[in-house]
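Chemist: Numbers given in our numbering equal positions in the sequence shown, counted from 1, plus 876. Please see the structure below; I have some questions.
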Amino acid sequence: MRPETRLIKDGSHILPIRVYLEDSDTEGVVYYANYLRYSERARTEMLRSVGCPHTDIKCLNKLVFAVRRCEVDYLTPARLDDELVVISGQVVTEAASLWIEQRIQRGVEEIAKLLVRLVCIGKTGKPVRLPKKYCVTHFCHFWLLKCISTRDWIEKWNKLR
């Protein structure tokens, strides 16, 4: 499986992942923390695919993103040699943060759901406002995502759980 890192379909970024021996325990079951690693890779590729690679954000704007909150629902285990996809879907921007909904699937079977809040951190180490170009241009214009209020989105997420 050749990973295609810039695949955007129906408003969602899709990153293929193969489960390797290093990802699993002796029984071939993926260690729970590796789902977080998979989702981090997918968020990095998602940002890169919409023109916001971490290097540009850091070098040009002196900003970094840090995970402020992460909720994970583990639904069923992934196993050694599985072909998974990490789907990074709805993105909601706030003044200094992004909420990203992610799903990890094996085929059509959903095996984990994540809700991640990234905070924009300035050179002082404190939260700062997202530059407007990241809020509007990249996530709403290029990606054609539906922008909804964070409260509505969190309510939607809670109903899915």
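Glycine residues also receive a C-beta, built at the ideal position from the N, C-alpha and C atoms.
1) Within 8 Å, do at least three Cβ pairs link the stretch 942–954 to the stretch 972–992?
2) Quick one: which unbroken alpha helix (DSSP H) runs of 4-plus residues sit fully inside the stretch 928–993? Chain order, please.
3) Taking the alpha-carbon positions, what's the C928 to Q966 distance?
4) Assign L883 to one of three DSSP states: helix, strand, or coil.
5) Taking the alpha carbon of R982 as the point to measure from, which residue in H930, D886, I976, L891 has its own alpha carbon closest?
6) Per DSSP, P1003 is paired with what?
7) Name the one or two DSSP bridge partners that V905 has.
8) So, are the CB atoms of R979 and V962 less than 9 Å apart?
9) In whole angstroms, give me the CA-to-CA distance for L939 and R1005.
10) Residues bridged to L891 by DSSP?
11) Please report the straight-line C-alpha distance between G904 and L897, rounded to a whole angstrom.
12) Can you tell which of L912, M922, S900, F941 has the C-alpha that lies nearest to the C-alpha of I884?
13) Would you kindly work out how many angstroms separate the C-alpha atoms of S888 and V926, rounded to a whole number?
Modeler: In this structure, then:
1) The stretch 972–992 vs the stretch 942–954: in contact.
2) 930–937
3) 17 Å
4) strand
5) Residue L891 is the option with its Cα nearest to R982.
6) I997
7) R955
8) yes
9) Between L939 and R1005, the alpha-carbon positions lie close to 10 Å from each other.
10) V962
11) 7 Å
12) M922
13) 11 Å
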